[in-house]
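Have a look at the structure below, then the notes.
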Amino acid sequence: MSRRDNHLTIEMPSRPENVGVARVSLAAFASQLDFTLAELEELKVAVSEAVTNCVLHAYPGRTGEVKVEAWISEGELGVRVTDWGVGIEDVEQARQAAYTSSQDPDHLGLGFTFMENFMDRVEVWSQPGAGTVVTMTKRPRAAALQAANGEERRA
Ligand SMILES: Nc1ncnc2c1ncn2[C@@H]1O[C@H](COP(=O)(O)OP(=O)(O)OP(=O)(O)O)[C@@H](O)[C@H]1O
Ligand SMILES: [Mg+2]
C-alpha cells in the first residue's frame with residue numbers, strides 16, 4: 000500500500016440524510032489538495048452517487064452500515080465507499096450508462112456514469128450477499144498537467 004499522507008474514515012447508517020454529510024466531509028478533506036471549485040463539485044457528485052447507491056440499493060427495506068474512507072497519497076485523493084449489503088450480480092452491466100434495477104422513473108441509471116466521468120479511476124468490487132466496494136481516485140488537473148509537462152521536458 001502506498002504511503003498515506005492524511006486519511007479520514009466515516010462510518011454511518013445508510014440513511015438518506017447522511018449522503019450530504021459524506022459529500023460535505025469529503026469536499027472539506029479534499030480541499031487540502033489543489034482542486035479547483037469545479038473539480039470539488041465533480042468529487043461531491045461522485046461521492047454522493049456512491050453513497051446514495053448504498054442508501055437505495057444495498058439494504059432493501061432496512062438500514063445498514065456504510066463506510067466512507069478517504070486518503071491523500073502523493074498528491075492524489077482516494078475515496079472508498081463500502082457497504083455490506085446485497086451486492087451486485089453483474090458489475091459490468093451495472094456500470095453501463097442507463098442501466099438501473101430500479102422501477103422508479105427518477106432513477107436514470109447514471110450514478111456509475113457520473114462517477115466514471117468525474118473521477119480519474121473507478122473500481123467496483125461486489126459479491127452478492129457480501130456487499131460492494133467502490134474505490135475512486137482523483138488528482139487535481141493542474142498537478143496532473145504539471146507532471147505531464149515535467150515528463151515532456153525530461154523526454
Ligand atoms: N451499493 C450497491 N449495492 C447494490 N446494488 C447496487 C449498488 N450500487 C449500485 N447498484 C446496482 O447498480 C445499478 C446501477 O447503479 P447506478 O448508480 O448507475 O444507477 P441507479 O442508482 O439505478 O440510478 P441513478 O444513480 O441514476 O439514480 C443500480 O440500479 C443497482 O442495481
Ligand atoms: Mg445510483
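Residue numbers (numbering that gives the first Met the number 0): 0 to 154. For each residue, glycine too, the CB sits at the ideal point set by N, CA and C.
Check                                                                                                  : Outcome
Spatial distance of P104 from S47 (CA atoms)                                                           : 19 Å
F117 beta carbon near ligand 1 (any heavy atom closer than 7 Å)                                        : no
C-beta atoms of N114 and A57 nearer than 8 Å                                                           : Before going further, note that residue 114 is Met rather than Asn in the sequence given. No; because the gap between Cβ atoms is not below 8 Å, this pair is not in contact.
Segments assigned beta strand (DSSP E), at least 3 residues, entirely inside the stretch 52 to 85      : 64 to 72 and 75 to 82
Closer than 7 Å: T112 CB and nearest ligand 2 heavy atom                                               : no
Contact test: E48 Cβ vs ligand 2 heavy atom, cutoff 7 Å                                                : yes
One or two residues paired with Q126 in a DSSP bridge                                                  : G130
From A29, G84 and E73, residue whose alpha carbon lies closest to that of Q126                         : G84
Nearest neighbour of L36, chosen from A141, A147 and A146 [CA to CA]                                   : A141
Inter-stretch contact at 8 Å, needing at least 3 Cβ pairs: the stretch 83 to 97 / the stretch 22 to 29 : no
Own chain residues within Cβ distance below 8 Å of D89, not counting five before or after              : none
Same chain, Cβ closer than 6 Å to G110, five either side skipped, listed in chain order                : E48 and N52
Check whether E10 and K66 have beta carbons under 8 Å apart                                            : yes
Span of the alpha helix (DSSP H), counted from its first residue to its last, around E16               : E16 to A29
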